[in-house]
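Notes follow once the structure below has been shown.
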């Protein structure tokens, strides 16, 4: 595929890419995609130019692709502008596969931090100048880089599905019997399993110890207290204090799953926070590259398992871009209705659990869950499952809405939800405990939010009115009258308020969509179990409830995606967690994490 | 005012508490809380009071589209499996939990459209319903039975053909809409077949007629 790509005629660079070409001349080359390939030695300079001069200030996605055939590694960057709408600026860097070194862009966009670590972890691409180039999803000491095309998993059967052993001579045999564990494990030379002790923790603690505890986090007041006013956070100089390292998690009710925060404390004040993740890692992307296109659909449900409809949406958009098809009208409306219902379900859940983190144990959460339950009943009636909906297909949706569905949905959207959201608002928003705990806690300024590639409610609560539904106008969002919710303080309280705002906007969209819902077909063309996807690459993104959810899919024209990458908002929003928490109290970290609203299925993938 | 939040919160809880008992009392005259009709109201948009369902004593009715582990449909009319072992379900299955052995004719060594063995590993199945969706023969459908827990994983949760096969009357009972569509398609196919047969017969007659006409002339 890569060989074919190299032979393809190089397209002319247009628009902002032409400006880039003019500035950097030979360092910028066109590729077989809409974007540019930038020489490694000019990458940082070009990235700075892209950010400052071209105005693409928001680095959305960074990922690598392993081109085995041409013996090359590729790093793909997607940058957007938070001030303008429109397509991303795609640029790539290339490196030889046996020693892939690419300059790190963390100095230009700190939001690249976790994403570069992920590419290093899974593909072995080394980012020169990265401040902490350690594994992030796999454990330190793991052998190999699992997303490389020549890496095989423990119960490897075949490169691509469907497996030949299933039909026509499909005698059932468990994978564990066929490949007994340990038969397929490659130990490094000289490895002694008995004497082996994992160094994974030591790596984390070394990192924590090496950090200057007074370095300070965000663009705060420079005294290491983040955004806290000096008088409350300042520690009496005369008292000698020790720094204490405390693990919050991985098993901790406040972490919403298996997630670990290693914090350095001075008294109760946080001096450093190191997130440790990957406990739920299953290499979703590798599974995705073994799957056929349609087989990935139910797997996307399991990413952010609270909002499977949005996950389906993003993946369907990416593949539809490649296939160059559009779903019929009715399907578009159904998609929007489902996506907005998902947003409401997710946000009432997030608000409920934020209150849990604040100590209001489960009473507010259950009020939110009641509304969510009604929405899930709608999902179940339409798709067959409450949470693992698997409802979208390429060019349509799986099945039409059953009888009576629209009536129930109308009742919920027009009668019940507006009233209930007002109720929740009334119970919580002015509550003095919530205000005391949330206001001015975990502040993220607009510049920092963009810098750290924060997305969704976290970005918009910091005063950046950026929403993929408006920036991309994907599907039929241009037909609806709604506002991009925005709040300006960037603290936990605003992140709570913005979710209420977004729920109200979603109700507006739903009311319009339900009123306009047309009849007709729900599927373009005939539904095929093996989708024919032409070679190419596409980045499909939706505004998921947690933020920008992007799918980068590379097709080589076969039945399985060559590369399948997910820009997971939960994962990338965590980049800002450490800097946001510095100078805060240990109890506040719990609600800062709660206000980001992560789902570990998506964070760890 | 400090403390007002607590009072307000207590008020909300109190209202919910009282409503639960008022509702409970009402259901006594409506045939009890735990019948499907009332359950739909209790868990619907008009719900008041307690929202929880006391599973397993009370169960929510599942919608028709509800999907759980698939089953194979047995055609009671023709006394035969509907499955032709074409293998599409096994090919589309995302976790690859379907295993099919195709029947071969012992004499001609050619495949016979019938599965010799059919396995679904319920420990792997993700209940995505792609198999049911893409089956061209309506031979595999999703079940409504979600209570599968057992004490032993390996011997009980790999379903073979005998365990998977269920009569089409069962399918008709749990999926009335889908069954109606199937019947309609069947009727249409039969009608088309009849029309085709009639057309063929007419053509034959038309072909025979000139021959007959030609006879006397000769």
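Residue numbers (this note's numbering), protein chains in the order written: chain A, 1 to 605; chain B, 606 to 823. Glycine is no exception: its CB is placed at the ideal position from the N, C-alpha and C atoms. Please read all numbers here as calculations on a predicted model, not as lab measurements.
Review point. Residue 697 of chain B: which of B:671, B:809, B:665 and B:731 sits nearest, CA to CA?
Key: Against the second chain, residue 697 of chain B aligns to sequence position 92. Answer by Cα proximity: B:731.
Review point. Does the segment 292-299 of chain A come within contact of the segment 547-566 of chain A, defined as at least 3 CB pairs closer than 8 Å?
Key: Look at the beta carbons and you see the segment 292-299 of chain A touching the segment 547-566 of chain A: at least three pairs across the two are nearer than 8 Å.
Point to revise | Endpoints, beta strand (DSSP E) assigned at residue 679 of chain B | key: The residue you call residue 679 of chain B lines up with position 74 of the second chain. Segment 673-680, the beta strand (DSSP E) holding residue 679 of chain B.
Point to revise | Cβ neighbours of residue 630 of chain B in the same chain (closer than 8 Å, five flanking residues each side left out) | key: Stepping through the second chain from its first residue, residue 630 of chain B is reached at position 25. None.
Check your understanding: Is the CB of residue 735 of chain B under 9 Å away from at least one CB in chain A?
Key -> Residue 735 of chain B sits at position 130 when you count from the first residue of the second chain. When Cβ-Cβ separations below 9 Å define contact, residue 735 of chain B makes contact with chain A.
Review point. Quick one: what's got a C-beta closer than 6 Å to residue 17 of chain A's C-beta in the same chain, skipping five residues either side?
Key: What you label residue 17 of chain A is simply residue 17 of the first chain in a count that begins at 1. Short of 6 Å from the beta carbon of residue 17 of chain A, and not among the five residues preceding or following it, lie these beta carbons of its own chain, in chain order: 36.
Check your understanding: If you pair each beta-carbon of the segment 745-765 of chain B with each one of the segment 717-725 of chain B, do three or more pairs fall below 8 Å?
Key -> Because the criterion of three Cβ pairs below 8 Å is met, the segment 745-765 of chain B and the segment 717-725 of chain B touch.
Practice item. Give a yes or no on whether the minimum CB-CB distance between residue 775 of chain B and chain A is below 9 Å. Key: What you label residue 775 of chain B is simply residue 170 of the second chain in a count that begins at 1. Taking Cβ atoms only, chain A never reaches closer than 9 Å to residue 775 of chain B, which makes this a no.
**Study point:** Cβ pair count under 8 Å reaching 3, the segment 462-471 of chain A against the segment 420-439 of chain A
**Key:** No contact exists between the segment 462-471 of chain A and the segment 420-439 of chain A.
Review point. Can you check whether the CB of residue 409 of chain A is closer than 9 Å to the CB of residue 684 of chain A?
Key: The structure shown does not extend to residue 684 of chain A, since chain A is modelled only from 1 to 605, so the question has no answer here.
Check your understanding: Shorter than 9 Å from the beta carbon of residue 715 of chain B to some beta carbon of chain A?
Key -> For the purposes of this step, residue 715 of chain B is taken as the residue at position 110 of the second chain. Not one chain A Cβ lies under 9 Å of residue 715 of chain B.
Check your understanding: Does the pairing of the segment 329-338 of chain A with the segment 568-579 of chain A give three or more beta-carbon distances under 8 Å?
Key -> With the rule of 3 Cβ pairs closer than 8 Å, the segment 329-338 of chain A does not count as touching the segment 568-579 of chain A.
Check your understanding: Is it the case that the Cβ atoms of residue 344 of chain A and residue 507 of chain A are separated by a distance below 9 Å?
Key -> For the purposes of this step, residue 344 of chain A is identified with residue 344 of the first chain, where counting begins at 1. For the purposes of this step, residue 507 of chain A is identified with residue 507 of the first chain, where counting begins at 1. Result yes, Cβ atoms of residue 344 of chain A and residue 507 of chain A sit closer than 9 Å.
Check your understanding: Quick one: does residue 383 of chain A have its CB under 9 Å from some CB of chain B?
Key -> If you number the first chain from 1, residue 383 of chain A lands on position 383. Under the 9 Å criterion on CB atoms, residue 383 of chain A is classed as interfacial with respect to chain B.
Point to revise | Three-state class that DSSP yields for residue 115 of chain A in the structure shown | key: As a first step, residue 115 of chain A is located in the first chain; it is residue number 115 there, counting from the start. Here DSSP, grouped into helix, strand and coil, assigns residue 115 of chain A to helix.
**Study point:** Candidates B:622, B:780, B:760 and B:736, of which the one nearest residue 750 of chain B by Cα
**Key:** The residue labelled residue 750 of chain B in the question sits at position 145 within the second chain. With distances taken between CA atoms, residue 750 of chain B lies nearest to B:780 out of B:622, B:780, B:760 and B:736.
Exercise for review: With a 10 Å radius around its C-beta and 16 neighbouring C-beta atoms as the bar for buried, classify residue 612 of chain B as buried or exposed.
Suggested key: What you label residue 612 of chain B is simply residue 7 of the second chain in a count that begins at 1. The residue is exposed, with fewer than 16 neighbouring Cβ atoms inside 10 Å.
Practice item. Decide if the segment 312-329 of chain A is in contact with the segment 533-545 of chain A; the criterion is three or more beta carbon pairs, one per stretch, under 8 Å apart. Key: Of all C-beta pairs linking the segment 312-329 of chain A to the segment 533-545 of chain A, three or more are shorter than 8 Å, placing the two stretches in contact.
Point to revise | Nearest-angstrom Cα separation, counted from residue 388 of chain A out to residue 308 of chain A | key: In the first chain, residue 308 of chain A corresponds to position 308, counting from 1. In the first chain, residue 388 of chain A corresponds to position 388, counting from 1. Between residue 308 of chain A and residue 388 of chain A, the C-alpha separation is close to 6 Å.
Review point. Which residue comes first and which comes last in the beta strand (DSSP E) that contains residue 538 of chain A?
Key: Numbered from 1 along the first chain, position 538 holds the residue referred to as residue 538 of chain A. DSSP places residue 538 of chain A inside the beta strand (DSSP E), whose first and last residues are 536-544.
**Study point:** Nearest to residue 565 of chain A (by Cα), restricted to the options A:585, A:118, A:544 and A:383
**Key:** Position 565 of the first chain, counted from the start, is the residue given in the question as residue 565 of chain A. Looking at the Cα atoms, A:118 is the closest of the given residues.
**Study point:** Buried or exposed (CB count within 10 angstroms, at least 16 for buried), residue 599 of chain A
**Key:** Your numbering for residue 599 of chain A matches position 599 in the first chain. Burial check for residue 599 of chain A: the Cβ neighbour count within 10 Å reaches 16 or more, so the residue is buried.
Review point. By how many angstroms is the C-alpha of residue 662 of chain B removed from the C-alpha of residue 735 of chain B?
Key: The count along the second chain starts at 1 and reaches residue 735 of chain B at position 130. The count along the second chain starts at 1 and reaches residue 662 of chain B at position 57. Rounded to whole angstroms, residue 735 of chain B to residue 662 of chain B spans 32 Å at the Cα level.
Check your understanding: So, is the C-beta of residue 283 of chain A closer than 9 Å to a C-beta in chain B?
Key -> Translated into the one-based positions of the first chain, residue 283 of chain A becomes position 283. Output row for residue 283 of chain A: interface = no.
Exercise for review: Within 10 angstroms of the Cβ of residue 580 of chain A, are there 16 or more other Cβ atoms? Answer buried if so, exposed if not.
Suggested key: Translated into the one-based positions of the first chain, residue 580 of chain A becomes position 580. With 16 or more other Cβ atoms within 10 Å, it is buried.
Review point. Roughly how many whole angstroms lie between the Cα atoms of residue 710 of chain B and residue 524 of chain A?
Key: As a working mapping, residue 710 of chain B is identified with position 105 in the second chain. As a working mapping, residue 524 of chain A is identified with position 524 in the first chain. Near 40 Å, if we compare the C-alpha coordinates of residue 524 of chain A and residue 710 of chain B.
**Study point:** Cross-chain neighbours of residue 707 of chain B in chain A, by beta carbon under 9 Å
**Key:** Here residue 707 of chain B refers to the residue found at position 102 when the second chain is read from its first residue. Ordered by position in chain A, the residues that pass the 9 Å Cβ test against residue 707 of chain B are 167, 168, 169 and 170.
Practice item. Look at the alpha carbon of residue 606 of chain A and the alpha carbon of residue 40 of chain A, and state the distance between them as a whole number of angstroms. Key: Absent from the model: residue 606 of chain A. The displayed extent of chain A is 1 to 605, so no value can be given.
Review point. So, helix, strand or coil for residue 80 of chain A, using DSSP?
Key: As a position in the first chain, residue 80 of chain A is number 80, starting the count at 1. Strand, per DSSP.
Point to revise | Neighbour list for residue 40 of chain A in chain B, Cβ cutoff strictly below 9 Å | key: As a working mapping, residue 40 of chain A is identified with position 40 in the first chain. Below the 9 Å Cβ cutoff, chain B contributes no neighbours of residue 40 of chain A, its closest Cβ being approximately 38 Å away.
Review point. Interface residues of chain B around residue 432 of chain A at Cβ under 9 Å?
Key: Here residue 432 of chain A refers to the residue found at position 432 when the first chain is read from its first residue. 606, 607, 608, 609 and 610, listed in chain order.
Review point. The segment 654-676 of chain B: which residues have C-beta closer than 7 Å to a C-beta of chain A, in chain order?
Key: When C-beta distances to chain A are compared with 7 Å, the residues of the segment 654-676 of chain B below that value are 656, 668, 669, 670, 671 and 672, in chain order.
Review point. Quick one, are the C-beta atoms of residue 783 of chain B and residue 744 of chain B less than 9 Å apart?
Key: As a first step, residue 783 of chain B is located in the second chain; it is residue number 178 there, counting from the start. As a first step, residue 744 of chain B is located in the second chain; it is residue number 139 there, counting from the start. No. Outside cutoff.
Point to revise | Any chain A beta carbon closer than 9 Å to residue 767 of chain B | key: Translated into the one-based positions of the second chain, residue 767 of chain B becomes position 162. Not one beta carbon of chain A lies nearer than 9 Å to the beta carbon of residue 767 of chain B.
Exercise for review: Just the C-alpha distance for residue 147 of chain A and residue 168 of chain A, rounded to the nearest angstrom, thanks.
Suggested key: One-based indexing of the first chain puts residue 147 of chain A at position 147. One-based indexing of the first chain puts residue 168 of chain A at position 168. Roughly 30 Å between the two C-alpha positions.
Exercise for review: Give the straight-line distance between the Cα atoms of residue 297 of chain A and residue 569 of chain A, rounded to the nearest whole angstrom.
Suggested key: Translated into the one-based positions of the first chain, residue 297 of chain A becomes position 297. Translated into the one-based positions of the first chain, residue 569 of chain A becomes position 569. Near 18 Å, if we compare the C-alpha coordinates of residue 569 of chain A and residue 297 of chain A.
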